[in-house]
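There are 2 protein chains.
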Amino acid sequence: MNTPATEARVDPRLTARQDQLLQALQAATTELSGQDLHALLRRSSTPMGLATVYRHLRQLQQWGLVRCRHLPSGEALFAPTERDDHHLTCVDCGSTRRLPHCPVHDLELPRGELDGFLPLFHTLEFYGLCPACRQRQAAQ
Amino acid sequence: MNTPATEARVDPRLTARQDQLLQALQAATTELSGQDLHALLRRSSTPMGLATVYRHLRQLQQWGLVRCRHLPSGEALFAPTERDDHHLTCVDCGSTRRLPHCPVHDLELPRGELDGFLPLFHTLEFYGLCPACRQRQAAQ
DNA sequence: GCAAAAACGAGAATGGTTCTCATGTCACTG
DNA sequence: CAGTGACATGAGAACCATTCTCGTTTTTGC
């Protein structure tokens, strides 16, 4: 199940800021929230404001370079789309665990994989551009 | 890809309030937000406060009776887990469209199905209880 | 009935995200 | 070089869905 992010990438010409943001995400071993990125980049030689962080995260997301998922707490976590990670998320404490490999290739989740985790439900969502927005963006 | 919600259901003995909430979700043709449900039930003969709506939504979710997904806007939408719906979500305008059938059985999304929608990335998440929380809940 | 426990809800608090707008930056031009 | 316009930036305010607080009401167990 490969989402054609490369094909979807409209304009890979990133600004320095966008590149800085993307590299921070790629360098991180885990997903980062907007707040995390802000705190991280605050310490760099070229600090980035919170508004700019969110602005560019949305832009990168619309370009298919960054994916976003929401924890039960409502916090949004970002990661580069090149990482094909999937997670088990606890609806009680909100903790998440990365699955060792993409489960879509093995839909009947084996007991061993779950390792005690009790699945209650799943979500499968596709993010992208609807025809109306593609058309509007092309017209601009 | 059937999530064993029934097996996971710890205590299907719902209170009147929980039942009212679940029935409202089942009766609705679309997913509803917490605010939607509050507004809807406000007009019923037994109105429900916002705090109670969210309290029970979380409870029903932990029981695997209700699923929740987040729009790019951050708004959370709820639906009964018995409905196996999946969506295309636009990262620009946030609109969502229900897929005609569960795409997990047809992973290579056919062009016709997309109908002009440009997928940028997808998310696949499992929600449930981690071992620690199962243990803690069992102990209580 | 009656007391203890649980459920309830109005309104305040929380906190992540977005918006506003004044300022900064940069590429051009003449 | 100023001059100029378009765009990027960020501090802080605004927003708003959700959660928390806490006094009241309802239910439960006996």
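Quick note, the sequences are listed as chains A and B, same order.
Everything in the first sequence is counted per the working numbering, starting at 1 for the first residue and increasing by one.
Everything in the second sequence is counted per the working numbering, starting at 1001 for the first residue and increasing by one.
For every residue, glycine included, the Cβ atom is placed at its ideal position computed from N, Cα and C.
A quick note: this is a predicted structure, and the numbers were derived from the prediction, not measured.
Distance cutoff 9 angstroms, beta carbons only. Does residue i sit that close to anything in chain B?
| i | result |
| --- | --- |
| A:PRO72 | yes |
| A:HIS86 | yes |
| A:PHE126 | yes |
| A:ALA76 | yes |
| A:GLN20 | no |
| A:ALA8 | Because the pLDDT at A:ALA8 is just 35, under 50, the model does not fix this residue reliably, and the point stays unresolved. |
I'd like to know whether the C-beta of residue i is nearer than 9 angstroms to at least one C-beta of chain A.
| i | result |
| --- | --- |
| B:LEU1118 | yes |
| B:ARG1097 | yes |
| B:GLN1026 | no |
So which residues of chain A does residue i contact, with C-beta pairs closer than 8 angstroms?
| i | result |
| --- | --- |
| B:LEU1129 | CYS90, VAL91, ASP92, PHE117, LEU118 and LEU120 |
List the whole-angstrom C-beta distance separating residue i from residue j, where the pair is believed to meet the contact cut-off of C-beta under 8 angstroms.
| i | j | result |
| --- | --- | --- |
| B:CYS1133 | A:CYS133 | The pair is not a contact, with the Cβ atoms about 39 angstroms apart (cut-off 8 angstroms). |
| B:LEU1060 | B:VAL1066 | 4 angstroms |
| A:GLY64 | B:GLY1074 | A:GLY64 to B:GLY1074, Cβ: 20 angstroms. No contact. |
| A:LEU21 | A:HIS56 | 5 angstroms |
| B:HIS1038 | B:LEU1050 | 5 angstroms |
| B:LEU1124 | A:LEU118 | Not a contact, Cβ separation roughly 18 angstroms. |
| A:PRO72 | A:THR46 | Not really, about 34 angstroms apart at Cβ, beyond 8 angstroms. |
| A:ALA76 | A:ASP85 | Contact doesn't hold; Cβ gap of about 15 angstroms is too wide. |
| A:CYS70 | B:HIS1070 | It is His, not Cys, that sits at residue 70 of chain A in the sequence shown. Yes, A:HIS70 and B:HIS1070 are in contact; Cβ-Cβ is about 4 angstroms, under 8 angstroms. |
| B:GLN1035 | A:VAL91 | Wrong, their Cβ atoms sit about 20 angstroms apart, outside the cutoff. |
In chain B, which residues lie with their C-beta within 8 angstroms of the C-beta of residue i?
| i | result |
| --- | --- |
| A:ARG134 | GLY1116 and LEU1118 |
Taking the DSSP output, what are the residues bridged to residue i?
| i | result |
| --- | --- |
| A:LEU118 | B:LEU1129 |
| A:CYS68 | A:PHE78 |
| A:LEU32 | A:PHE78 |
| A:ARG98 | A:HIS87 |
What residues in the stretch 51-66 of chain A bring their beta carbon closer than 7 angstroms to a beta carbon of chain B? Cβ contacts with chain B: GLN61, GLN62 and GLY64.
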